[in-house]
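Written out below as structure tokens is the structure these notes cover.
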Amino acid sequence: MMSIAKESVIIIAAADRDMAQNIKDYLADCGFSDLRVVFDGSGVYETLRPYYRRPEKVGVLVISEDLPGCCITDMCHTLAGDQDVHILPMIVLGIRDKQQLVCELGILAERVQAGGLVHFLEVPFSRAELLMAVNFQLAIKQERRLRYKNEELLINELAERKVVDAKLKYLVAHDELTGLLNRENFERHLWLILKRNKKLPKNGALLYVDIDRFSLINELEGYQVGDRLIVEVVTVIRALVNRNYCFTRIGSDEFCLYLDNQNADDAQQFAEKIRKSLDDFRFFVEDVVYNATVSIGIASLHTDKAVHHPSELISRARQACRMAKENGRNMVWAYNGRDSGVLERQHDIYWAPLIRKALIDARLFLLFQPVIDLRSERISHYEVLLRMQGKDDDETIGPAVFIPVAERMGLIHSVDLWVVENAIDYLAALPDFMAHVSLAVNLSSVAFQDASLLALIKTKLEMTWVEPSRLMFELTETAAVDNFEQTRNMILKIRALGCKFALDDFGAGFCSFNYLKRFPVDYIKIDGQFIQNLIHDETDQVLVRSIVEVAVKLGKKTIAEFVESPEVVEKLKEMGIDLAQGYIFGKPEKGLQASNAISIHQLMLKAQRNGED
Ligand code: C2E
Ligand code: CA
Ligand code: CA
6 MMSIAKESVI IIAAADRDMA QNIKDYLADC GFSDLRVVFD GSGVYETLRP YYRRPEKVGV
66 LVISEDLPGC CITDMCHTLA GDQDVHILPM IVLGIRDKQQ LVCELGILAE RVQAGGLVHF
126 LEVPFSRAEL LMAVNFQLAI KQERRLRYKN EELLINELAE RKVVDAKLKY LVAHDELTGL
186 LNRENFERHL WLILKRNKKL PKNGALLYVD IDRFSLINEL EGYQVGDRLI VEVVTVIRAL
246 VNRNYCFTRI GSDEFCLYLD NQNADDAQQF AEKIRKSLDD FRFFVEDVVY NATVSIGIAS
306 LHTDKAVHHP SELISRARQA CRMAKENGRN MVWAYNGRDS GVLERQHDIY WAPLIRKALI
366 DARLFLLFQP VIDLRSERIS HYEVLLRMQG KDDDETIGPA VFIPVAERMG LIHSVDLWVV
426 ENAIDYLAAL PDFMAHVSLA VNLSSVAFQD ASLLALIKTK LEMTWVEPSR LMFELTETAA
486 VDNFEQTRNM ILKIRALGCK FALDDFGAGF CSFNYLKRFP VDYIKIDGQF IQNLIHDETD
546 QVLVRSIVEV AVKLGKKTIA EFVESPEVVE KLKEMGIDLA QGYIFGKPEK GLQASNAISI
606 HQLMLKAQRN GED
């Protein structure tokens with residue numbers, strides 16, 4: 006039960022002074038402390054006036070129906086009819102018929118009565134009736150006030166929440182740094198455009214803008230300066246675009262701009278305008294001035310190949326932007342499905358997921374090609390060559406198709422580790438009588454940029470008890486020259502385990518005898534292009550002889566690859582080449598030769614028979 010506010014103002018308004026005084030005395034006896042007596046309508050308003058801003062202080066108005074200078078129904082409307090907190094409950098001391106008054110109050114009557122805001126007390130009334138009415142009205146007022154307060158709190162809370170929600174929505178939809186739309190919303194916008202275009206074909210083009218050499222500024226000057234550059238570039242572009250254009254930040258330094266209703270030529274001109282403005286723009290970092298240029302790719306909605314998905318349009322524009330970069334930067338390039346770079350990219354996009362899947366689903370497998378020791382005329386070891394199973398199980402995909410993709414798409418490291426692991430497992434699984442067999446595994450250049458390779462080889466060899474000398478690694482000359490020191494260190498560590506190394510495709514790069522001196526390899530593998538025509542090409546002969554000469558001096562062995570005829574075998578022997586590999590001895594196959602004792606002549610015969618089949 007709510008406690009009744011005995012200190013609130015109670016106004017007693019009656020023309021009958023005795024009655025007014027009696028009520029006052031009685032209520033004072035009951036503990037009410039602030040009782041005001043007035044004798045006419047204006048007295049009521051005068052008493053109320055100071056409480057205009059503090060209506061909660063006034064508790065109840067006890068008013069006789071015949072109060073001079075006031076119309077009781079008006080007063081009920083004004084004071085008790087209010088829906089909000091300013092409401093003042095009234096107790097009307099009725100002289101007339103109650104029903105008549107209710108009629109006069111009209112619609113208000115129902116509300117007022119239902120809410121109990123106007124209470125009728127027919128004269129004469131008992132003291133108990135009066136007290137009950139006063140307490141009841143005060144309680145109602147209090148309850149109203151409390152409810153209002155809670156509502157007010159709730160409304161404020163809701164309003165606050167709305168502001169927070171709106172802020173969040175903005176942040177989710179926009180990029181915090183530039184205030185541009187983010188990718189998700191941009192794509193949603195493009196969806197609508199594509200949908201609309203199905204019914205009402207219109208022109209449109211997407212520009213993909215990429216800041217040239219952004220990472221350089223980021224690295225040289227720090228991220229804060231990088232952020233400032235982004236903001237300034239956006240400001241320059243914004244000044245050129247109509248506000249209705251859909252403009253988004255799609256990557257750290259990449260932006261997309263959708264130009265509605267513009268054909269390819271308009272878009273090209275507009276892109277040129279952006280490029281030119283940024284070419285003229287100067288970016289200041291203290292005393293240093295940068296010329297921040299951009300490369301822009303354009304993809305139009307209307308080409309021979311329809312666009313079905315926003316990401317398709319974005320991807321085309323991005324590919325065009327890449328072409329602009331590859332062709333010298335600070336350039337505008339329109340997408341053309343026949344560009345070689347675009348084709349390469351499409352190739353990558355197609356193959357990358359297949360490689361990833363092949364790694365998981367065991368769709369990679371190894372072939373083995375024998376390498377012959379030309380002195381003993383026996384197999385020295387096998388080169389491991391990787392293959393991928395195609396969609397049809399009998400379709401085999403060669404490394405030339407997927408290794409370059411794996412290199413560009415950052416998958417090569419996983420591929421390398423897979424091959425190393427499987428080659429060691431293969432050695433470990435061989436029967437005892439084949440314990441002499443060793444394998445040469447090809448590694449990409451990036452294999453050496455990650456310490457996990459060394460760890461993998463080490464633990465794998467330890468776990469399988471495979472003799473480290475049964476494992477050789479081949480890396481190409483170009484791969485070795487990239488990151489020379491890092492690669493060299495890693496090779497030293499792997500050789501320290503007992504594994505061997507060969508420098509592959511030697512001569513195909515820039516024939517770096519200088520590097521060769523410093524390179525810790527055991528074998529030099531002369532590139533097949535110098536071997537295939539060795540008999541007829543004198544230049545090849547000169548080159549091969551000089552390689553052999555250097556190798557002998559450096560104490561390294563030589564391997565000739567692509568040996569395809571008996572004449573070449575003889576020539577190689579005469580030149581002092583140590584080992585040879587090629588179709589004449591055998592193509593890459595799923596298994597190894599059953600015996601190591603198999604002679605070179607048997608191998609050649611076998612290969613010849615296979616070739617004739
Ligand atoms: P590579 O290391 O120079 O391998 C020699 C390539 O020449 C192999 O092609 C082999 O099948 C082929 N070949 C062997 N003998 C002859 C011959 O007498 N005549 C002709 N015309 N070709 C011959 P493959 O297997 O297609 O491999 C191509 C390249 O793919 C390899 O060149 C190597 O760079 C790379 N690769 C192969 N397997 C792997 C691997 O497991 N990991 C990595 N990272 N690269 C690999
Ligand atoms: Ca090789
Ligand atoms: Ca090679």
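Heads up, the sequence shown is in this note's numbering, so the first residue is 6 and it goes up one at a time. Ideal Cβ placement from N, Cα and C applies to all residues, glycine included.
Own chain, CB closer than 7 Å to residue i, minus 5 neighbours either side, in chain order
| i | result |
| --- | --- |
| residue 142 | 65, 94, 96 and 124 |
| residue 441 | 601 |
| residue 236 | 182 and 183 |
| residue 427 | 371 |
| residue 416 | 357, 360 and 361 |
Other residues of its chain near residue i: CB distance less than 8 Å, five sequence neighbours each side excluded
| i | result |
| --- | --- |
| residue 400 | 394 |
| residue 136 | 31, 32 and 35 |
| residue 6 | Unreliable positioning characterises residue 6 in this predicted model, as indicated by a pLDDT of 41, which lies under 50. A coordinate reading is not provided. |
| residue 373 | 387, 388, 389, 390, 444, 593, 594, 595, 596 and 597 |
| residue 383 | 377, 601, 602, 603, 604 and 605 |
| residue 210 | 263, 264, 267, 268, 269, 271, 272, 303, 304, 305 and 306 |
C-alpha gap between residue i and residue j, whole angstroms
| i | j | result |
| --- | --- | --- |
| residue 40 | residue 167 | 45 Å |
| residue 37 | residue 61 | 16 Å |
| residue 371 | residue 421 | 12 Å |
| residue 294 | residue 225 | 13 Å |
| residue 475 | residue 444 | 6 Å |
| residue 423 | residue 460 | 14 Å |
| residue 554 | residue 539 | 17 Å |
| residue 100 | residue 71 | 7 Å |
| residue 351 | residue 614 | 41 Å |
| residue 565 | residue 313 | 52 Å |
| residue 624 | residue 323 | Because the chain is modelled from 6 through 618, residue 624 falls outside the range shown and cannot be assessed. |
| residue 621 | residue 548 | Because the chain in this structure spans residues 6 to 618, residue 621 falls outside the shown range and cannot be described. |
| residue 477 | residue 367 | 24 Å |
| residue 433 | residue 501 | 21 Å |
| residue 645 | residue 250 | A question about residue 645 goes unanswered here, because the residues of the chain that appear run from 6 up to 618. |
| residue 414 | residue 179 | 29 Å |
| residue 353 | residue 508 | 28 Å |
| residue 49 | residue 21 | 15 Å |
| residue 5 | residue 46 | Past the boundaries of the shown model lies residue 5; the chain is included only from 6 to 618, so the question cannot be answered. |
| residue 128 | residue 134 | 11 Å |
| residue 197 | residue 510 | 54 Å |
| residue 187 | residue 256 | 9 Å |
| residue 56 | residue 158 | 23 Å |
DSSP beta-bridge partners of residue i
| i | result |
| --- | --- |
| residue 312 | Answer is none; residue 312 lacks a bridge partner. |
| residue 453 | DSSP, once it has assigned bridges, lists no residue as partnering residue 453. |
| residue 236 | The partner list for residue 236 (beta bridge, DSSP) is empty, contrary to what the question assumes. |
| residue 383 | 378 |
| residue 370 | 392 |
| residue 304 | 211 |
| residue 254 | 260 |
| residue 15 | 40 and 65 |
| residue 295 | 288 |
| residue 447 | 479 |
| residue 337 | 301 |
Close Cβ partners of residue i (< 6 Å) along its chain, the five nearest in sequence each way excluded
| i | result |
| --- | --- |
| residue 466 | 473 |
| residue 429 | 465, 469 and 471 |
| residue 407 | 356, 360 and 393 |
| residue 69 | 19 and 98 |
| residue 77 | 70 |
| residue 330 | 300 |
| residue 588 | 569 |
| residue 527 | 505 and 506 |
| residue 15 | 37, 40, 64 and 65 |
Contact test: residue i Cβ vs ligand 4 heavy atom, cutoff 6 Å
| i | result |
| --- | --- |
| residue 482 | For the structure depicted, ligand 4 is absent and the ligand set comprises only ligand 1, ligand 2 and ligand 3. |
CB contact check: residue i to chain D, cutoff 7 Å
| i | result |
| --- | --- |
| residue 520 | Absent from the structure is chain D; it holds one protein chain and no more. |
Exercise for review: Evaluate the contact criterion for the region 229–240 versus the region 201–219: three or more CB pairs, one atom per stretch, below 8 Å.
Suggested key: Contact holds between the region 229–240 and the region 201–219, because three or more Cβ pairs, one in each stretch, are under 8 Å apart.
Check your understanding: Do the region 374–392 and the region 593–613 meet, that is, are 3 or more Cβ pairs less than 8 Å apart?
Key -> yes
Review point. Do the region 492–500 and the region 446–459 touch if we need at least three Cβ pairs shorter than 8 Å?
Key: yes
Review point. Between the region 322–337 and the region 274–281, are three or more C-beta pairs nearer than 8 Å?
Key: yes
Review point. What residue ranges within the region 170–222 form continuous beta strand (DSSP E) runs of no fewer than 3 residues, ordered along the chain?
Key: 209–216
Practice item. Say whether the region 347–363 touches the region 580–596, bearing in mind that this needs 3 or more beta-carbon pairs closer than 8 Å, one atom from each stretch. Key: no
Check your understanding: Which full runs of the alpha helix (DSSP H) of 4+ residues lie inside the region 23–74, going along the chain?
Key -> 46–53
Point to revise | Ranges of the beta strand (DSSP E) found wholly within the region 489–562, counting only runs of at least 3 | key: Counting only runs of 3 or more residues that sit fully inside the region 489–562, the beta strand (DSSP E) segments are 505–511 and 528–531, in chain order.
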